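What follows is a short report on a single structure.
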Amino acid sequence: MFKKVLIANRGEIALRINRACRELGVQTVAIFSEADRNSLHVRHADEAFCVGPGPVPRSYLNIPNIISTALITGCDAVHPGYGFLAENARFAEICADHGLTFIGPRPEVIAAMGDKATAKRVMKEAGVATTPGTDILSSVEDARDAAKAIGFPVLLKATAGGGGKGMRVVNAPEELERAYASATAEAEASFKDGRLYMEKLIVKPRHIEVQVLGDSFGNVVHLGERDCSVQKPSHQKLIEEAPAPNLTAKARSALHDMAVRASRAVKYSNAGTLEFLVSGDHVYFMEMNTRIQVEHPVTEMVYNIDLVKEQIRVAAGEQLGYTQADLKLSGHAIECRVNAEDPRNNFAPAAGTLTNVVFPGGPGIRVDTHVYSGAMVPPFYDSMIAKIIAWGETRDAAIARMERALHETVVEGVNTTIEQCLEILATDRFRAGRYSIDFLPSLMQSVPV
Amino acid sequence: MLAAIGLGSNLRNPPHNVRAAIRALRRLGDVRACSQLYSSKPWGKTDQPDFCNAVVLLETQRSARELLEDLQSLERRLGRTPGERWGPRVIDLDILTYGEMEVDEPDLQIPHPRLYERAFALVPLAEVDARFQAAVAALPPGETVALMPEDEQPTGEFSAGLSQRVRTLAAAFRETDLIRLRIEDEFEDAIEIRRRPVPAGLPAPAQPQGAVPPGVPANLHPIKADLVGVFRFSRPTVTEGEMLDGDRELAYVDALGIRNPVRSLGGGRVVSVLCHDGEPVEYGQVLFEIDRG
């Protein structure tokens, strides 16, 4: 096991990692920016070093100062958390060059999964379903044949495209010719490149992801799925739950099988997440995140496992020590993100001083947070200030518990997403567990501003 | 834009709530005028305290809708107590007028639709805006308000009020040995009083604000580490009290095997050496203090 771990992050995840290290008997070194001097992650660590001023590129992305801190404090490993340097293959290599173990997968796996085209190719080769699509279309006839094979509705996209230019939704065969002509013309005008390709349009899909865990001996297990379909129009997740409600047995086993198969194919070690779009029985791979995720606690609650400890254990060269059959799902867990932002003002992040903070407690409630009464929310970083997680024996029990916990929560000084989470939990669609990624955007439109 | 804001409270200590809200409104704009506090009887339920009302004229850069949001946020902030998410609002804030503008939307109507029927809004408004004096005479019979007693009035709250409090505190302060006193109230208003340093046996000199206490060099300059690494003295080793006649390398920070010089950036007297050879230093850590003279 490691002697001392540098935590290359801030906020709640830095505290989360610190807790795991403490329980494993591993010493910790925190890094912080000048704006975070009074943050809780600084106080909980054994040692703490300021690595730069508030702006992220000069502190939490300041690789020389972070590595230097690890070396002068005698660390033997670095945990990157999520965001910042977590999926930076170059940083993982630099750690290795300085004799530091990067707590995550190998750099080449991070690099391969970070490139969408490579990731999709690797997944296809491993037998994972990706969104059906074509290469560049040679003619409208070519497009017609492709659409017949893929099945309507389809999406025509400009190969040079971006920002929706040269993109057309085609719902039926008779629309194809016209859409093809106008998309080509638009792409030609916008990018001087009229070439198009086609993808299947997945209508109102669900965003479901599978947690995997691997060790360096080739053992891989999955820890079920999380439903992350409650997303803002910016695709930022707000509420996540495990397991996914009303998932067909066929889709569930496909998700789990593909996740494990893909992870084995890339010899994945450490914690990772494969994100899929799901529509009925059909699942389509989107991307793989080679890090611990914000929403990992819902998985921890239903599998009674400490994922961050597992990350540290396997990075230190230990075996998983259990198989898929040993893992038993129990109950249901929901997470609500408390962001310092104003839901009524287009989710603009809010900075300021938290004049009063009271977090919930009681049976089945977990709160992961780095803030406290009197803490500052600096303007430089992510707006998330807390995660509230509720576990229940059933989904209904978890929802009731979450509502109870949110009503207990007080955050004064900045606007938060608490009230919006309560609104979402109260909707029929959420309670029935029948929602897709269009749910929150349409709910937001129906709320008078 | 000049907006008239009506304030009302009948929970807990109403005059206190209204005065607190007036103070908080200063953060939303420039408070141009403030009426006296009035009291009115609640009708219906009689186990409630009397209402306390006032009107503030606020010069604001905010649009009417933005102002409404600010006021709602202020209501929540002043009114909420832990555990009482949906608890009663301690203070009601309404936009009575907003320049000459008229707004008629479901959640925002300006001028306030019942302005001309309500003495508790119209009477204080007329006090700060003479255009409404005629309307007071036309109020329905029975619509009356009374002035709050003198000792509940905000003593020129937004201008003279603060200095009044400071004077009272300063008088009490002089009778103690305290050097510094800071008082914050629950609405984030803070008053800080410091005792001016008085050298023994001398009359207090007239000092400009922000002056440095005696004994501390006036031009003390910190030399900070700009990266993380191990601190090492350069040769010859600099000592406290030493005079530097120009820019000189005092030390270096060893980071990732690279020697990063720490320079004095000019001459002066080395007042303090704050690091030991071989000590790890962080970003921004003060290594030396130099009096530039």
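Chains as they are written, first to last, in our numbering: chain A, 1 to 449; chain B, 450 to 742. A virtual CB, placed ideally from N, CA and C, is assigned to each residue, including glycine. These figures come from a predicted structure and were not determined experimentally.
Discussion item. Once the 5 residues before and after B:Arg481 are set aside, which same chain residues still bring their CB inside 6 Å of it?
Written reply: What you label residue 481 of chain B is simply residue 32 of the second sequence in a count that begins at 1. The beta carbon of B:Arg481 sits closer than 6 Å to the beta carbons of Leu506 and Glu508 from its chain, once the five residues preceding and following it are set aside; these are given in chain order.
Item to complete: Quick one: which residues of the region 60 to 72 of chain A get their C-beta closer than 9 Å to a C-beta of chain B? List them in chain order.
Response: Taking 9 Å as the Cβ-Cβ cut-off, the region 60 to 72 of chain A approaches chain B at Asn62, Pro64, Asn65, Ile66, Ile67, Ser68, Thr69, Leu71 and Ile72, given in chain order.
Discussion item. When you measure from the CB of A:Asp438 to every non-hydrogen atom of the ligand FMN, does any distance come out below 6 Å?
Written reply: Among the components of this structure there are no ligands whatsoever, and the ligand FMN is therefore not found.
Item to complete: Just the chain E side, please: which residues come within less than 9 Å of B:Leu676 by C-beta, in chain order?
Response: Note that chain E does not occur in the displayed structure, where the protein chains are A and B.
Discussion item. Can you give me the C-alpha to C-alpha distance between A:Val210 and A:Met301, rounded to a whole angstrom?
Written reply: As a first step, residue 210 of chain A is located in the first sequence; it is residue number 210 there, counting from the start. As a first step, residue 301 of chain A is located in the first sequence; it is residue number 301 there, counting from the start. Just so you know, the alpha carbons of A:Val210 and A:Met301 end up roughly 15 Å apart.
Worksheet entry | Of the residues A:Val5, A:Lys165 and A:Glu177, the one placed nearest A:Asp193, counting alpha carbons only | Start at 1 with the first residue of the first sequence, and residue 193 of chain A comes out as number 193. That would be A:Lys165, whose Cα lies nearest to the Cα of A:Asp193.
Worksheet item: Around the C-beta of B:Gly690, are 16 or more other C-beta atoms found within 10 angstroms, so that it is buried, or is it exposed?
Response: Sequence index remark: in the second sequence, residue 690 of chain B carries index 241 (1-based). Exposed, by the Cβ-count rule.
Worksheet item: Starting from A:Ile110 and walking both ways along the alpha helix (DSSP H), at which residues does that stretch end?
Response: To locate residue 110 of chain A, count along the first sequence from 1; it is residue 110. Note, A:Ile110: alpha helix (DSSP H), Pro107 to Gly114.
Fill in: CB contact below 7 Å: B:Glu705 versus chain A
Within the second sequence, numbered from 1, the residue matching residue 705 of chain B stands at position 256. The identity of residue 705 of chain B in the sequence shown is Leu, whereas the question assumes Glu. B:Leu705 counts as touching chain A.
Worksheet entry | Buried versus exposed call for A:Val169 [16 or more other C-beta atoms within 10 Å across all chains shown] | On the first sequence, residue 169 of chain A is found 169 positions in, with the first residue counted as 1. So A:Val169 ends up on the exposed side.
Practice prompt. Use the C-beta contact count for A:Thr323: other C-beta atoms within 10 angstroms, 16 or more gives buried, fewer gives exposed.
Written response: Numbered from its first residue, the first sequence carries residue 323 of chain A at position 323. In the assembly as shown, A:Thr323 is an exposed residue. Its beta-carbon has fewer than 16 other beta-carbons within 10 Å.
Worksheet item: In whole angstroms, what is the alpha-carbon distance linking A:Leu320 and B:Leu516?
Response: For this step, residue 320 of chain A is matched to residue 320 along the first sequence. For this step, residue 516 of chain B is matched to residue 67 along the second sequence. Rounded to the nearest angstrom, the two C-alpha atoms are 58 Å apart.
Worksheet item: Do the region 35 to 45 of chain A and the region 15 to 24 of chain A make contact, defined as three or more Cβ pairs closer than 8 Å?
Response: Contact between the region 35 to 45 of chain A and the region 15 to 24 of chain A is present, because at least three Cβ pairs lie under 8 Å.
Worksheet item: Short check: CB of A:Pro134 to CB of A:Met123, under 7 Å?
Response: Numbered from 1 along the first sequence, position 134 holds the residue referred to as residue 134 of chain A. Numbered from 1 along the first sequence, position 123 holds the residue referred to as residue 123 of chain A. The amino acid occupying residue 134 of chain A in the given sequence is Thr; Pro does not appear at that position. No, the pair does not count as a contact, with Cβ atoms beyond the cut-off.
Worksheet item: Is the shortest distance between the beta-carbon of B:Gly727 and the beta-carbons of chain A less than 7 Å?
Response: Translated into the one-based positions of the second sequence, residue 727 of chain B becomes position 278. Not one chain A Cβ lies under 7 Å of B:Gly727.
Fill in: Minimum C-alpha distance to B:Leu596 - residue among B:Leu486, B:Thr686 and B:Val702
On the second sequence, residue 596 of chain B is found 147 positions in, with the first residue counted as 1. Per the C-alpha coordinates, the member of B:Leu486, B:Thr686 and B:Val702 positioned closest to B:Leu596 is B:Leu486.
Fill in: First through last residue of the beta strand (DSSP E) which encompasses A:Ser373
Position 373 of the first sequence, counted from the first residue, corresponds to residue 373 of chain A. Note, A:Ser373: premise wrong, no beta strand (DSSP E); not H, not E.
Worksheet entry | Proximity of B:Val786 and B:Phe680 at Cβ, strictly below 7 Å | Nothing can be reported for residue 786 of chain B: it is not among the residues displayed for chain B, which extend from 450 to 742.
Item to complete: Output the distance between the C-alpha atoms of A:Ala45 and A:Thr73, rounded to the nearest integer angstrom.
Response: Taking the first residue of the first sequence as position 1, residue 45 of chain A is located at position 45. Taking the first residue of the first sequence as position 1, residue 73 of chain A is located at position 73. When rounded, the distance between both Cα atoms is 13 Å.
Discussion item. My output table needs one value for B:Cys483: the three-state DSSP class, helix, strand or coil.
Written reply: If you number the second sequence from 1, residue 483 of chain B lands on position 34. Strand, per DSSP.
Worksheet item: Does B:Glu554 get closer than 7 Å to chain A when you measure Cβ to Cβ?
Response: If you number the second sequence from 1, residue 554 of chain B lands on position 105. False, the Cβ-Cβ gap to chain A never drops below 7 Å.
Item to complete: For B:Ile707, count neighbouring C-beta atoms within 10 Å of its own C-beta (all shown protein chains included) and say buried if the count is 16 or more, exposed if not.
Response: Numbered from 1 along the second sequence, position 258 holds the residue referred to as residue 707 of chain B. Around the beta carbon of B:Ile707, fewer than 16 other beta carbons lie within 10 angstroms, which makes this residue exposed.
Item to complete: Compare the beta carbon distance of A:Gly54 and A:Ser33 with 7 Å and say whether it is the shorter of the two.
Response: Position 54 of the first sequence, counted from the start, is the residue given in the question as residue 54 of chain A. Position 33 of the first sequence, counted from the start, is the residue given in the question as residue 33 of chain A. Contact check for A:Gly54 against A:Ser33 passes: the beta carbons are separated by less than 7 Å.
Worksheet item: Closest to A:Phe359 by CA distance: which of A:Ile424, A:Pro107 and A:Glu408 is it?
Response: The count along the first sequence starts at 1 and reaches residue 359 of chain A at position 359. Out of A:Ile424, A:Pro107 and A:Glu408, A:Glu408 has the C-alpha closest to the C-alpha of A:Phe359.
Discussion item. Taking 7 Å as the threshold (C-beta atoms), are A:Gly413 and A:Thr353 in contact?
Written reply: Here residue 353 of chain A corresponds to residue number 353 of the first sequence, with the count starting at 1. Here residue 413 of chain A corresponds to residue number 413 of the first sequence, with the count starting at 1. Yes; because the gap between Cβ atoms is below 7 Å, this pair is in contact.
Practice prompt. Tell me whether A:Gln293 is buried or exposed, calling it buried when 16 or more other Cβ atoms sit within 10 Å of its Cβ.
Written response: Position 293 of the first sequence, counting from 1, holds the residue named residue 293 of chain A. So A:Gln293 counts as buried.
Discussion item. Taking the straight line between their C-alpha atoms, what separation do you get for A:Glu47 and B:Asp553?
Written reply: By 1-based counting over the first sequence, the position of residue 47 of chain A is 47. By 1-based counting over the second sequence, the position of residue 553 of chain B is 104. Taking the straight line joining both Cα atoms gives about 59 Å.
Worksheet item: In whole angstroms, what is the alpha-carbon distance linking A:Thr159 and A:Ile136?
Response: Numbered from 1 along the first sequence, position 159 holds the residue referred to as residue 159 of chain A. Numbered from 1 along the first sequence, position 136 holds the residue referred to as residue 136 of chain A. Going from the Cα of A:Thr159 to the Cα of A:Ile136 covers about 7 Å.
Fill in: A:Ala242 versus A:Ala189, A:Gly114 and A:Ala390, residue with shortest Cα-Cα distance
As a position in the first sequence, residue 242 of chain A is number 242, starting the count at 1. Ranking the options by Cα distance to A:Ala242, first place goes to A:Ala390.
Discussion item. Residues in the same chain with beta-carbon distance under 7 Å from A:Ala111, minus the five sequence neighbours each way, listed in chain order, please.
Written reply: Translated into positions along the first sequence, residue 111 of chain A becomes position 111. Closer than 7 Å at Cβ, skipping near neighbours: Ala89.
Worksheet item: Can you list the beta strand (DSSP E) stretches of 3 or more residues lying completely in the region 346 to 433 of chain A, in chain order?
Response: DSSP runs (the beta strand (DSSP E)) wholly in the region 346 to 433 of chain A: 356 to 358, 365 to 369, 384 to 392 and 410 to 412.
Discussion item. So, with DSSP's three-state summary, where would you put B:Pro589?
Written reply: Taking the second sequence and counting its residues from 1, the one referred to as residue 589 of chain B is at position 140. If DSSP states are grouped into helix, strand and coil, B:Pro589 belongs with coil.
Discussion item. What ranges does the beta strand (DSSP E) occupy inside the region 56 to 117 of chain A, keeping only unbroken runs of at least 3 residues that lie completely in it?
Written reply: The qualifying runs are 77 to 79.
Worksheet entry | the region 197 to 207 of chain A / the region 424 to 438 of chain A touching (three or more Cβ pairs under 8 Å) | When Cβ pairs closer than 8 Å are counted between the two stretches, the region 197 to 207 of chain A is seen to touch the region 424 to 438 of chain A, the count reaching three or more.
Worksheet item: Is any beta-carbon of chain A found at less than 7 Å from that of B:Tyr732?
Response: Locating residue 732 of chain B in the second sequence gives position 283, counting from the first residue. At least one C-beta of chain A is nearer than 7 Å to the C-beta of B:Tyr732.
Worksheet item: Between the beta-carbon of B:Val722 and the beta-carbon of B:Asp740, is there less than 7 Å?
Response: Along the second sequence, one-based indexing puts residue 722 of chain B at 273. Along the second sequence, one-based indexing puts residue 740 of chain B at 291. At the C-beta level, B:Val722 and B:Asp740 stay beyond 7 Å of one another.
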